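Colleague: Structure in structure tokens, see below.
Protein chains in written order, with the UniProt record's numbering: chain D, 1 to 143; chain A, 1 to 434.
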């Protein structure tokens, strides 16, 4: 894929002061983290191994998406490529995400559709759902 | 042929140059210089810069502080919650921790759309009332308490997306199971008294609520959420502006020091960190007021279908619903025991629950439970029942509530694109060993 700076002519002007605020926001978020998690920041490798798959798509999702929100929200989803596409449009139009270049965007959509498609059960949150009790699955496996 | 290079390769080779190429970010003499021309991805760098920033790119770009385990995530003053998300913070309450008539602050769910304000101190906090009013007013919290009648009510308050995890195909958003509901005891003043003090103009048809939280992207021009309600709901005597929760300060994650409590409607209408109520002469068009946010199709749709924006309506009253809060799912009766007392709560948006039933045979037969009247309108209602199991074995207890309109909880909720209003019957598992 190519990555041409000329494709982003307006980027500096458009994103102006946002980063300064972002720093304050992130610093505020860090206050909530317990010491154990905070110390993990010193590790060379962030604890992201639990995102499935590999390659460019995974890398972009990990770095771009987590800039604003937790990857847990990604891992909870199960959507078609079409609905992931709509989600990216929403992120750009409503949530302030910078546009990805077309090829990177396609790579991201491929990754999301492959690993978080409609057959992906959205159970990636911490721990097992206590007793969802709202689906059709048996609540307790046969003993 | 020139070899195309991917984003990752660019960052691995020269992250600073890659940043400039991709996002037009320029670094200054100080690493914080990154932030001056920052795009959204700079937030990762901002974290890296705010704490020892020694990692190489691209690992440094990925905020390790947001490491994808919420297992160790601790929220002071909360316990037992299931954390769905740490940025923004979203956490729900397992059913057995909702057994109290008044939900303890420690177990009260959290649904954030943005980043809470840094200070949630009541000192200096102001509330502005403006828009379609005769006179713009501005209050300190103590002035609200002095000027208007102070009331305390138990109010049910549920996230519109509670139960989203039960939809198939999966609906997008936080995958709440059953725990984005609480029934705390809130103290404050009636919104209508405050609005009447300002003088509601005939042109006012809708409220617009504004809070002090900030957008996840850090963009000061973006608003994480600003919703409102029709004026008739704002004037309901149970719609409150509150500063106490269970007789204590409101938890910072639950909107301290001042919030709206608009019971029976999607939780998002109960603006947290409240700074301003604006009356409008149109349906409010703030962030997350437009479809598909907090909206459902006005006609039934095939699961997975695309729905045109024009076919959505804004959710108002939440549907009839109940929870089994005791015993906890997975309960084993002692050997030789066949009787079990079960209990929980039932609620129904703007309405009242009039009947509560439970089944232990997968819905073939139903036992009517004892249902208590609410201590005040808009509180959830306690119910309890005693069951006798005919044989040993695996049982599921199902619970369903019916309201005064004759509406009953369904087996399967109607699918909708954003997975709102799942009021399917709650089920728990019970083993009867002998």
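Glycine included, every Cβ here is placed at the ideal spot set by N, Cα and C. Please read all numbers here as calculations on a predicted model, not as lab measurements.
Expressed to the nearest angstrom, what Euclidean distance is found between the alpha-carbon atoms of residue 245(A) and residue 356(A)?
Modeller: If you take the alpha carbons of residue 245(A) and residue 356(A), they lie about 28 Å apart.
Colleague: Short check: CB of residue 112(A) to CB of residue 89(A), under 8 Å?
Modeller: It is a contact, given that the beta carbons lie within the stated cut-off.
Colleague: Are residue 345(A) and residue 398(A) closer than 8 Å when you measure CB to CB?
Modeller: Against a cut-off of 8 Å, the Cβ pair of residue 398(A) and residue 345(A) comes out as no contact.
Colleague: Just to confirm before moving on: does the CB-CB distance between residue 416(A) and residue 297(A) stay below 8 Å?
Modeller: It is a contact, given that the beta carbons lie within the stated cut-off.
Colleague: Taking the alpha-carbon positions, what's the residue 289(A) to residue 103(D) distance?
Modeller: Each residue's Cα considered, the two are about 33 Å apart.
Colleague: My output table needs one value for residue 83(D): the three-state DSSP class, helix, strand or coil.
Modeller: In this structure, residue 83(D) counts as helix in the three-state DSSP scheme.
Colleague: Quick one: Cα of residue 366(A) to Cα of residue 119(D), how far?
Modeller: Those two C-alpha atoms are separated by around 34 Å.
Colleague: Tell me which residues of the region 119-139 of chain A have at least one Cβ-Cβ distance to chain D shorter than 8 Å, keeping chain order.
Modeller: Cβ contacts with chain D come from no residue of the region 119-139 of chain A.
Colleague: Check whether the Cβ of residue 57(D) lies closer than 8 Å to any Cβ atom in chain A.
Modeller: No, residue 57(D) lies away from the interface with chain A (no Cβ there is under 8 Å from its Cβ).
Colleague: Output yes or no for whether 8 Å exceeds the beta carbon distance between residue 261(A) and residue 270(A).
Modeller: Yes.
Colleague: Determine, using beta carbons only, whether residue 105(D) comes closer than 8 Å to chain A.
Modeller: Residue 105(D) does not count as touching chain A.
Colleague: When the cut-off is 8 Å and only beta carbons count, does residue 333(A) lie next to chain D?
Modeller: By this cut-off, residue 333(A) is not an interface position.
Colleague: Looking at C-beta atoms only, is the number of pairs between the region 128-144 of chain A and the region 184-200 of chain A that lie closer than 8 Å three or more?
Modeller: In short, these stretches touch, since the Cβ pair count reaches three.
Colleague: How would you write the range of the beta strand (DSSP E) that residue 376(A) sits in, first residue to last?
Modeller: Element bounds for residue 376(A): n/a, residue is neither H nor E.
Colleague: So, under 8 Å CB-CB, residue 424(A) and residue 179(A) are touching, yes? Tell me the CB distance rounded to an integer number of Å.
Modeller: Rounded, the Cβ-Cβ distance is 15 Å, inconsistent with contact.
Colleague: Just to make sure I have the definition right: I need the residues of chain D whose C-beta is within less than 9 Å of the C-beta of residue 440(A). Which are they?
Modeller: As shown, chain A starts at 1 and ends at 434. That puts residue 440(A) outside it, with no answer to give.
Colleague: By a C-beta neighbour count over all protein chains shown, 10 Å radius and 16 as the cutoff for buried, is residue 124(A) buried or exposed?
Modeller: Residue 124(A) should be labelled exposed.
Colleague: Check whether the Cβ of residue 201(A) lies closer than 8 Å to any Cβ atom in chain D.
Modeller: Cβ-Cβ to chain D under 8 Å: no for residue 201(A).
Colleague: For a test of the three-state rule: what should DSSP assign to residue 164(A), helix, strand or coil?
Modeller: Residue 164(A): helix per DSSP, three-state reduction.
Colleague: Among residues of its own chain, excluding the 5 on either side of residue 329(A), which ones have a beta-carbon nearer than 6 Å to its beta-carbon?
Modeller: The residues are 428, 429.
Colleague: Taking residue 164(A) as the reference, which of 426(A), 434(A), 420(A), 433(A) has the closest Cα?
Modeller: With distances taken between Cα atoms, residue 164(A) lies closest to 420(A).
Colleague: Is the beta carbon of residue 155(A) less than 8 Å from the beta carbon of residue 325(A)?
Modeller: No; because the gap between Cβ atoms is not below 8 Å, this pair is not in contact.
Colleague: Just verifying my parser: in three-state terms, what is the DSSP assignment at residue 434(A)?
Modeller: Residue 434(A): coil per DSSP, three-state reduction.
Colleague: Can a CB atom of chain D be found closer than 8 Å to the CB of residue 84(A)?
Modeller: It does: the Cβ of residue 84(A) has a partner Cβ on chain D nearer than 8 Å.
Colleague: Beta carbon of residue 382(A), beta carbon of residue 86(A): below 8 Å?
Modeller: Result no, Cβ atoms of residue 382(A) and residue 86(A) do not sit closer than 8 Å.
Colleague: Identify the residues that DSSP records as bridge partners of residue 312(A): which are they?
Modeller: Its beta-bridge partners are 297(A).
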